[in-house]
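Chains A and B are the protein sequences, given in the same order.
Going by UniProt numbering, the first residue of the first sequence is number 1, and it counts up by one from there.
Going by UniProt numbering, the first residue of the second sequence is number 1, and it counts up by one from there.
Even glycine gets a Cβ: it sits at the ideal position worked out from N, Cα and C.
Source: prediction; values computed, not measured.
There are 2 protein chains.
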Amino acid sequence: MFRSHTCGELRLQNVNSQVTLAGWVQTVRKFGSITFVDLRDRYGITQLLFGEELNAMLDENPLGREFVLQVTGIVSERSNKNKNIPTGDIEINVESFKILNKSAVPPFTIQDDTDGGDDLRMKYRFLDLRRNAVKKNLELRYAVNRATRDYLHQQGFMDIETPFLIKSTPEGARDFVVPSRMNPGQFYALPQSPQTFKQLLMVSGYDRYYQIVKCFRDEDLRADRQPEFTQIDCEMAFVEQEDILNMFEGLIKYIFKAVKNIDYTEAVERMTWEDAMWNYGNDKPDIRFDMKVANLKSAFNKAGSIVATGELINGAGFGVFDNAETVLAIAVPGASEYTRKQIDELTDWVKRPQVGMQGMVNIKCNADGTFKSSVDKFFSEDKLKAIAAFANAKPGDLILILAGPEERTRKAISDLRLELGERLGLRKKNEYRLLWVLDFPLFEYAEEDNRWVARHHPFTSPKPSHIEVMINNDPVIENAAEYLKHPYSNIKANAYDMVLNGNEIGGGSIRIFQRELQEKMFSALGMSKEEALHKFGFLLGAFEYGAPPHGGIAFGFDRLCAILGGSESIRDFIAFPKNNSGRDVMLDAPATIDDKQLQELQIQLDLEKKA
Amino acid sequence: MFRSHTCGELRLQNVNSQVTLAGWVQTVRKFGSITFVDLRDRYGITQLLFGEELNAMLDENPLGREFVLQVTGIVSERSNKNKNIPTGDIEINVESFKILNKSAVPPFTIQDDTDGGDDLRMKYRFLDLRRNAVKKNLELRYAVNRATRDYLHQQGFMDIETPFLIKSTPEGARDFVVPSRMNPGQFYALPQSPQTFKQLLMVSGYDRYYQIVKCFRDEDLRADRQPEFTQIDCEMAFVEQEDILNMFEGLIKYIFKAVKNIDYTEAVERMTWEDAMWNYGNDKPDIRFDMKVANLKSAFNKAGSIVATGELINGAGFGVFDNAETVLAIAVPGASEYTRKQIDELTDWVKRPQVGMQGMVNIKCNADGTFKSSVDKFFSEDKLKAIAAFANAKPGDLILILAGPEERTRKAISDLRLELGERLGLRKKNEYRLLWVLDFPLFEYAEEDNRWVARHHPFTSPKPSHIEVMINNDPVIENAAEYLKHPYSNIKANAYDMVLNGNEIGGGSIRIFQRELQEKMFSALGMSKEEALHKFGFLLGAFEYGAPPHGGIAFGFDRLCAILGGSESIRDFIAFPKNNSGRDVMLDAPATIDDKQLQELQIQLDLEKKA
C-alpha cells in the first residue's frame with residue numbers, strides 16, 4: 001500500500017502517530033521557510049506541513065498542482081484549525097516525501113467553481129471527474145444503485161442479465177445495429193430496453209426480475225438525451241396494477257430514505273392522465289404547487305368526458321377568445337400588483353418561439369375585491385368575477401390567460417405555470433412530491449402514417465373493460481381529421497407513469513399475456529401477420545406455453561439520479577457522457593475504422609454526396 | 001395479487017387457512033372422482049386436490065401440462081406425506097379455480113432430466129428456463145452477483161458505469177462495431193473490457209472502482225465462448241501487487257462463504273508462471289491433486305533458469321527419447337497394476353488428434369520395488385529407479401512418459417495429468433483449491449508478424465527490476481528463430497491470474513502509469529507514435545496530469561458461476577446464450593435489416609461471392 005490512511009481520515013485522536021498519505025496536490029502555499037500543501041484524494045483533503053529542512057528539497061523538486069505525492073510524517077494538532085473540513089483540526093508534519101507522478105498544469109482548475117467551459121471539461125473528463133461537484137454526483141448515483149438493489153433484493157427480485165446483441169425490431173425508436181462478421185449481411189441490434197426478455201422471463205416463471213441496465217436509442221439527440229442510458233428495469237408476474245404501484249412507490253421511498261434521509265411516509269398521490277392534462281396541461285405535473293389550469297373554453301378532451309365551459313367567455317365580442325380553439329388560465333398567487341413592465345416581460349416570455357403564443361391576457365384580482373383586466377372593455381366586472389371564481393383566483397392573485405390552438409396553448413400554459421412556480425419559489429429544491437399518473441390512452445394517432453401507434457409500447461394491455469372495444473372495432477381510420485371519433489381514441493391502457501417534481505422518472509404497464517390479444521394489438525398498429533411473426537414470433541410463441549399475467553416498470557436511472565442530486569442535467573451524473581452529436585470528445589469516438597474491418601464485416605461505406 | 005402465498009411456502013402450521021395460489025401445472029393425476037395436480041412456481045411445488053364436485057368442472061375444462069392456474073382452497077394435512085419437498089406435508093383442498101392461461105403441449109418435458117436436445121431447448125429457451133436445473137444456475141449467478149457487490153461495497157469500492165459505445169482500437173481481439181448515423185462513415189466499438197476507462201477513473205481519483213459489466217469480442221467462437229460475456233471488473237489506486245492479491249482472494253473467499261457456505265480459511269497458494277509450466281505443463285494448474293510433471297530432458301524454460309536433466313535418459317540408445325525435444329513424465333499413483341489393455345487405451349487417448357502424441361512409454365513401479373517398463377531393453381533397473389525417483393514415483397505407481405516437440409508435449413502431459421486426475425477421482429467436485437499464478441512474461445512473440453505482443457495487455461507494467469531491460473533494448477528481432485534469446489523474452493510482468501480447480505477465473509496486473517513508459521510499451525509492440533496517439537491519445541494525455549500508481553483485475557463472471565455450480569459449460573449459467581455461430585436461435589438473431597436502415601447509416605452490404 002502506498003498509504004496508511006486516506007486524506008479524509010485523520011482526526012485529533014491520531015495526533016502523534018506516524019502516517020503515510022498519498023494523493024494529489026491541491027494547493028501549495030509558501031511562507032518563508034515553511035510550505036503548506038493541501039493533499040487531496042477521494043476521501044478528503046489533509047494539510048501537509050513541510051518544515052525548513054524539507055523545504056530545501058522542495059525547492060529542488062517543486063510541487064505543482066495535481067502532482068501525485070506520497071508523504072510520511074507525524075499527525076499534529078493545528079494551531080489555526082479549519083472548521084470547514086473534517087480533517088481541519090490536524091496537519092501532517094512531513095518527514096519524507098516522494099513525487100509519485102508529475103502533472104502538467106491542468107487546463108482548468110480542479111474546484112467546485114471551475115474556470116473550465118463545457119467543451120474543455122468534456123475533453124478532459126478525467127480531470128473534470130476529480131472535481132468534488134462531479135464526484136458527489138457519481139457517489140449519489142452509486143448510492144441510488146445500491147439502495148435500489150437492496151430494496152429489490154429484500155422484495156425477492158432477481159437480477160437476471162439479458163443479452164445486448166439482439167434482433168432489430170424497428171417499431172418506436174431507431175435501433176443501433178451491429179454487423180455480424182460470422183453471419184455476413186446480418187445485423188444484431190442493441191436493445192432499446194430488455195422489454196421482450198423480461199416478459200419471456202415472466203413466462204419462464206422468474207416472477208420478480210430486475211436489472212440496472214444500459215439501453216440504446218439511435219435518436220436525434222435533444223439536449224440532455226444520451227444515445228446510451230441506464231434503466232432500472234423491473235417486471236413481476238401474478239400481479240395487478242395496484243401491486244406494481246405499491247411495490248415501486250416503495251422502491252422510490254426506500255431510495256429517498258437511503259440516499260437523502262427523507263421519510264416519505266405519505267401515500268403517493270394518483271391522478272388520471274385526463275385529469276393531469278386538464279388541470280396542468282401536462283402529463284407529468286409538478287404538484288409541489290397548485291396553480292391549476294382553468295379551461296375557459298373547450299375541454300381538451302374532445303372525447304367529451306369533461307364538460308366544456310365556453311359560456312364564460314364566448315360571445316363577449318373579444319375575437320381572440322371567440323376564435324381560439326382553446327383558452328386556458330392560471331391564477332398566479334399574490335401577483336396582482338405586478339407592474340406593467342413585469343407583465344410585459346411575461347408576455348414576451350410566452351411569445352418566444354419556444355412557447356409560441358400570440359399574446360397574453362391578464363386579470364388582476366385586486367386585494368379589495370375589484371378587478372382590472374387587459375380586456376376590460378369586453379368583459380364586465382361580473383364576468384371577470386365569474387372567470388376568477390372559475391380559475392380559483394383569490395383577491396391578490398393575477399390571472400394569466402392564453403388562447404390559441406389546443407395543443408400549443410396547453411403546452412404554453414403548462415410552461416408558464418412551471419416558470420411562475422420557479423420564479424415564485426414554489427418549486428422548492430428540497431421538497432419531493434411523487435405522483436402516479438394513470439389511465440393513459442392505449443393508442444396515439446400518427447398523422448404522417450394515418451395509423452395508430454402504441455402510446456407506451458405494443459405490449460401494453462388495454463384496461464380490461466376496454467378490451468372488447470379493441471377487439472370489436474376495425475383500426476382503419478376513414479377520415480383522418482376525425483380520428484378522435486374513432487373508438488380507439490377512448491381506449492385506456494393499464495399504464496402508469498411515476499412523476500417526481502414534474503419529471504417522468506418511470507413508466508410501465510400491465511402487459512398483454514394472451515397470444516390472440518397480442519396479435520390483435522400488432523394488427524391494430526398496422527403490422528401484417530407476417531411482419532408480426534418475423535419481428536415478435538418468439539414472444540407470440542412464448543405466449544402459447546402458459547404465459548402468466550404480468551406487468552412491470554422501468555425507471556430512467558440517469559434522470560432519477562439527476563433529480564435527487566438537484567440538477568436538470570443527466571450528463572452531470574454520467575461518468576463518461578456523450579455530447580449532443582453523440583460524440584465522446586475525450587475518446588474522439590465514433591471514428592473511422594480500418595478497411596480490413598469493413599472487409600471482414602462485408603459492408604462498405606455509402607456516403608451521401610454533400611451538395 | 002393473484003396469490004396469497006407461493007407454491008413453496010405452505011407448511012403444517014398453515015393447515016385450515018384459506019389460501020390462493022397461482023402457478024404452472026406440473027402434473028395431473030386422476031384417481032376416480034379425485035384429481036391431484038402439482039402446481040409449480042419459482043419457489044416450489046404444492047399438491048392440489050380437486051374433489052368430486054370440482055372434478056366435473058375439470059372434465060369440462062381439462063388441465064394440461066404448463067397451464068397457468070389459479071386456485072383458492074383450504075390447506076390440509078396430507079395422509080401420504082412427501083418427504084422430498086418442503087411442502088410435502090400439506091395439500092390444498094381446492095374450492096375454486098381459474099385457468100389464467102392455457103398451454104400448448106411443450107416440445108420437451110419441464111424436468112431436471114428433460115427429453116429435449118440442446119437445439120430444441122435453445123429455441124424454446126423460455127421453457128428451458130422453467131426447468132429447476134437451469135433456475136438453480138441463475139439463482140446461483142444472482143447469489144454470486146450479490147456477494148460480489150456486498151464484499152466490494154464493504155471494501156469501499158464504487159460501481160461506476162463506463163460507456164458501451166466507445167472507440168475501436170484493434171489490438172488484441174476483434175471489436176464489434178456500431179455504425180453511427182449521426183456521424184456517417186464513423187463507427188463506435190463495443191468494449192472488449194472497460195480497461196482504459198477504469199484506468200482513467202484511477203487518474204480521476206476514484207481509487208476503488210468496480211463493475212459487473214458486459215464485454216464483447218468478435219472472435220471465432222470455440223465451444224463455450226460467447227460473443228458477449230460478463231466480467232467482474234475492478235481497479236485500485238495507490239496499491240502494489242500484494243494489496244490486490246489480498247483484496248481479491250478476499251472476494252473469492254467471501255463468495256465461497258456466501259454462496260457455497262465454504263470457509264476457505266487457508267491462504268491462497270502462489271506459484272510463478274515458470275513453476276506452473278515446469279511442474280504442471282500448464283499456466284492454470286489444477287492443484288487439487290499432485291502428480292507433478294517431471295522434465296526428463298530439456299527444461300521448457302529455454303531462458304535457462306532451471307537446470308536441464310537430460311543425463312537421466314540421453315544416450316541410452318532409445319531414439320525416441322534421444323531425438324525428442326522434450327521428454328515429460330508423470331507418476332500415476334497406485335496404477336502399477338494397470339493391465340496391458342488399460343495402458344493401450346491410455347496410449348490411444350494420447351494419440352488422438354486433439355492430443356497428437358506418437359506414443360507413450362510406461363514404467364511400472366511394482367509394489368515389491370522392482371520395475372517393469374515398455375523400454376526395458378534400453379534402460380537398466382538402476383536407470384529406471386533413478387527415473388522413478390526423479391518423477392517422485394512410489395512403489396505401486398505407474399510412470400507415463402511422453403516425448404516430442406516441446407509445446408505439444410507439454411500440453412499433452414498436462415491433458416493426460418488432468419484426465420488421469422479425473423479418472424482417479426482426484427478432481428473432487430466439492431473441493432475448491434485457489435491458486436495465484438504470478439510473474440507472467442510481459443511479452444509473447446507473434447511469429448506471423450515477427451513482433452512482440454503483450455501477453456496480458458499493453459497497459460501491464462513490467463516488474464520494476466525489468467523496466468530497464470525494456471527501455472534499454474530495441475524490440476527488433478533480427479533472427480526470428482532465436483527470439484528466445486532476445487532480452488524481451490525474459491521480462492516478467494506485474495501480472496497475476498487467479499486459478500480455481502484448473503480454470504483461470506480472473507487475471508490482472510499492475511499498470512503502467514507513466515506516459516513515457518506507456519509510449520515505450522506501444523513502440524515495443526510495433527505501434528508508431530501516430531498510431532499510438534490515434535488509438536490511445538486520451539490515455540497518454542491522462543497520464544500527463546497526475547496518474548497514480550494503480551492496478552486491477554477482472555474475473556470472468558460466467559465461468560466463475562459455472563465452476564461454483566459444478567458445470568463445465570458457461571452457457572448453462574447465462575439466461576439467453578448464443579450458439580457457436582453467435583446466433584440467438586430463439587430470437588433468430590442476427591438478421592437482415594431494412595434497406596431504409598442501411599441507407600440511414602450510409603452503409604451497404606458488400607457480400608463476398610461464394611465460389
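- Query: In whole angstroms, what is the alpha-carbon distance linking A/ILE439 and B/ASP584?
  - Reply: Translated into positions along the first sequence, residue 439 of chain A becomes position 439. Translated into positions along the second sequence, residue 584 of chain B becomes position 584. It is Asp, not Ile, that sits at residue 439 of chain A in the sequence shown. The straight-line gap from Cα to Cα measures roughly 36 Å.
- Among all the DSSP beta bridges, which residues are the ones paired with B/THR272? Within the second sequence, numbered from 1, the residue matching residue 272 of chain B stands at position 272. Per DSSP, B/LEU438.
- Task: Using 10 angstroms around the beta-carbon of A/THR592, count the other beta-carbons present and answer buried if the total reaches 16, otherwise exposed.
- Result: The count along the first sequence starts at 1 and reaches residue 592 of chain A at position 592. Exposed.
- Message: Is the separation between the beta-carbon of B/LYS167 and that of A/ALA589 shorter than 7 Å?
- Response: Along the second sequence, one-based indexing puts residue 167 of chain B at 167. Along the first sequence, one-based indexing puts residue 589 of chain A at 589. The answer is yes: Cβ separation under 7 Å.
- Hey, does B/MET182 have any beta-carbon neighbour from chain A nearer than 7 Å? Here residue 182 of chain B refers to the residue found at position 182 when the second sequence is read from its first residue. Yes, contact with chain A.
- Based on Cα-Cα distance, which residue from B/PHE256, B/GLN604, B/GLY281, B/ASP376 lies nearest to B/GLY565? The residue you call residue 565 of chain B lines up with position 565 of the second sequence. Looking at the Cα atoms, B/PHE256 is the closest of the given residues.
- Query: Should the stretch 99 to 118 of chain B be regarded as contacting the stretch 543 to 561 of chain A, the criterion being three or more beta carbon pairs within less than 8 Å?
  - Reply: yes
- Message: Taking the beta strand (DSSP E) that B/LYS30 belongs to, which residues open and close that run?
- Response: Taking the first residue of the second sequence as 1, we reach residue 30 of chain B at position 30. Where B/LYS30 is concerned, the enclosing beta strand (DSSP E) stretches over 18 to 31.
- Query: Name the chain A residues whose beta carbon is nearer than 8 Å to that of B/ILE166?
  - Reply: By one-based count along the second sequence, residue 166 of chain B stands at place 166. Simply ASP584, LEU587, ALA589.
- Distance, Cα to Cα, B/ASP89 vs B/SER79? Here residue 89 of chain B refers to the residue found at position 89 of the second sequence. Here residue 79 of chain B refers to the residue found at position 79 of the second sequence. Roughly 8 Å separates the two Cα atoms.
- Message: Please return the same chain residues whose Cβ sits closer than 8 Å to the Cβ of A/GLU431, not counting the five positions on each side in sequence.
- Response: Within the first sequence, numbered from 1, the residue matching residue 431 of chain A stands at position 431. Closer than 8 Å at Cβ, skipping near neighbours: ARG288, ASN501.
- Starting from the Cα of A/ALA335, find the closest Cα among A/VAL350, A/ALA367, A/ILE110, A/GLN154 and give me that residue. Numbered from its first residue, the first sequence carries residue 335 of chain A at position 335. Nearest option by C-alpha distance: A/ALA367.
- Distance, B/GLU504 Cα to B/TYR209 Cα: The residue labelled residue 209 of chain B in the question sits at position 209 within the second sequence. The residue labelled residue 504 of chain B in the question sits at position 504 within the second sequence. Distance between the alpha carbons of B/TYR209 and B/GLU504: 22 Å.
- Item | Among A/LYS609, A/LEU601, A/GLY359, A/ASN246, the one whose alpha carbon lies nearest that of B/ARG174 | Taking the second sequence and counting its residues from 1, the one referred to as residue 174 of chain B is at position 174. Taking only the C-alpha atoms, the option nearest B/ARG174 is A/LEU601.
- Query: Do the CB positions of A/ASP177 and A/ALA189 come within less than 7 Å of each other?
  - Reply: In the first sequence, the residue the question calls residue 177 of chain A occupies position 177. In the first sequence, the residue the question calls residue 189 of chain A occupies position 189. The sequence given here has Val at residue 177 of chain A, not Asp. Yes, Cβ-Cβ distance for A/VAL177 and A/ALA189 is below 7 Å.
- Once you ignore the five residues that flank B/LYS535 on each side, which residues in its own chain have a CB closer than 6 Å to its CB? Sequence index remark: in the second sequence, residue 535 of chain B carries index 535 (1-based). Excluding positions up to five away in sequence, the list reads THR169.
- Query: Nearest-angstrom Cα distance between B/GLU568 and B/PRO285?
  - Reply: As a working mapping, residue 568 of chain B is identified with position 568 in the second sequence. As a working mapping, residue 285 of chain B is identified with position 285 in the second sequence. Computed Cα separation, rounded: 16 Å.
- Item | According to DSSP, residues forming a beta bridge with residue 625 of chain B | Residue 625 of chain B lies beyond the range of chain B shown here (1 to 611); nothing can be said about it.
- Item | Completely contained beta strand (DSSP E) runs for the stretch 456 to 541 of chain A, where each covers 3 or more residues | 495 to 500, 503 to 510
- Could you tell me the boundaries of the beta strand (DSSP E) in which A/HIS153 lies? Position 153 of the first sequence, counted from the start, is the residue given in the question as residue 153 of chain A. Careful: A/HIS153 lies outside any beta strand (DSSP E), inside the alpha helix (DSSP H) at 132 to 154.
- Compare the C-alpha of B/MET122 against each of B/LEU607, B/LYS297, B/GLY582, B/ASP594 and name the closest. If you number the second sequence from 1, residue 122 of chain B lands on position 122. The shortest C-alpha separation from B/MET122 is found at B/GLY582.
- Query: Could you give the distance in angstroms between the alpha-carbon of B/PHE371 and the alpha-carbon of B/PHE318?
  - Reply: Position 371 of the second sequence, counted from the start, is the residue given in the question as residue 371 of chain B. Position 318 of the second sequence, counted from the start, is the residue given in the question as residue 318 of chain B. Rounded to whole angstroms, B/PHE371 to B/PHE318 spans 18 Å at the Cα level.
- Put B/LEU400 into one of helix, strand or coil per three-state DSSP. Locating residue 400 of chain B in the second sequence gives position 400, where the first residue counts as 1. In this structure, B/LEU400 counts as strand in the three-state DSSP scheme.
- Query: Along chain A, which residues have their Cβ under 8 Å away from the Cβ of B/TYR206?
  - Reply: The residue you call residue 206 of chain B lines up with position 206 of the second sequence. Ordered by position in chain A, the residues that pass the 8 Å Cβ test against B/TYR206 are ARG42, LEU129, LYS135, LEU138.
- Of the choices A/GLY156, A/TYR151, A/GLY8, A/GLU52, whose alpha-carbon is the least far from that of A/ASN84? Translated into the one-based positions of the first sequence, residue 84 of chain A becomes position 84. Ranking A/GLY156, A/TYR151, A/GLY8, A/GLU52 by Cα distance to A/ASN84 puts A/GLY8 first.
- Task: Along the beta strand (DSSP E) that carries B/ILE553, what are the first and last residues, could you check?
- Result: In the second sequence, the residue the question calls residue 553 of chain B occupies position 553. Per DSSP, B/ILE553 belongs to the beta strand (DSSP E) from 550 to 556.
- Task: Tell me whether A/LEU120 sits in a helix, a strand or coil according to DSSP, three-state version.
- Result: By 1-based counting over the first sequence, the position of residue 120 of chain A is 120. Helix.
- Message: Below 7 Å on C-beta distance, what does A/GLN186 contact in chain B?
- Response: Position 186 of the first sequence holds residue 186 of chain A. By Cβ distance, chain B contributes PRO590, ALA591, THR592.
- Message: Measuring only the C-alpha atoms, how far is B/LEU598 from A/GLU608?
- Response: The sequence position of residue 598 of chain B within the second sequence is 598, counting from 1. The sequence position of residue 608 of chain A within the first sequence is 608, counting from 1. Approximately 12 Å between the Cα atoms of the pair.
- Can you tell me which of the three DSSP states B/ILE330 falls into? Your numbering for residue 330 of chain B matches position 330 in the second sequence. Looking at B/ILE330 - three-state DSSP - the assignment turns out to be strand.
- Could you have a look at A/THR109 and say whether DSSP puts it in helix, strand or coil? On the first sequence, position 109 is the one that residue 109 of chain A refers to. In the structure shown, A/THR109 sits in coil (DSSP, three-state: anything other than H, G, I, E or B).
- Can you find a C-beta in chain B that's less than 7 Å from the C-beta of A/MET158? As a position in the first sequence, residue 158 of chain A is number 158, starting the count at 1. Yes, contact with chain B.
- When DSSP labels each residue in this structure, what does A/PHE229 get in the three-state scheme? Stepping through the first sequence from its first residue, residue 229 of chain A is reached at position 229. Of the three classes helix, strand and coil, the one that applies to A/PHE229 here is strand, per DSSP.
- Using a beta-carbon distance below 7 Å, is A/PHE300 in contact with chain B? Counting from one through the first sequence, the residue named residue 300 of chain A turns up at place 300. Reliability fails at A/PHE300, whose pLDDT of 45 lies under 50, so the model's placement of it is uncertain and no value is given.
- Starting from the C-beta of B/ILE570, find all residues in its chain whose C-beta is less than 6 Å away, skip the five residues before and the five after it, and write them out in chain order. Indexing the second sequence from 1 puts residue 570 of chain B at position 570. Answer for B/ILE570: ASP224, ASP558, ARG559, ALA562, listed in chain order.
- Query: Of all the CB atoms in chain A, is at least one closer than 7 Å to the CB of B/TYR98?
  - Reply: Along the second sequence, one-based indexing puts residue 98 of chain B at 98. The question names Tyr, yet the displayed sequence has Lys at residue 98 of chain B. False, the Cβ-Cβ gap to chain A never drops below 7 Å.
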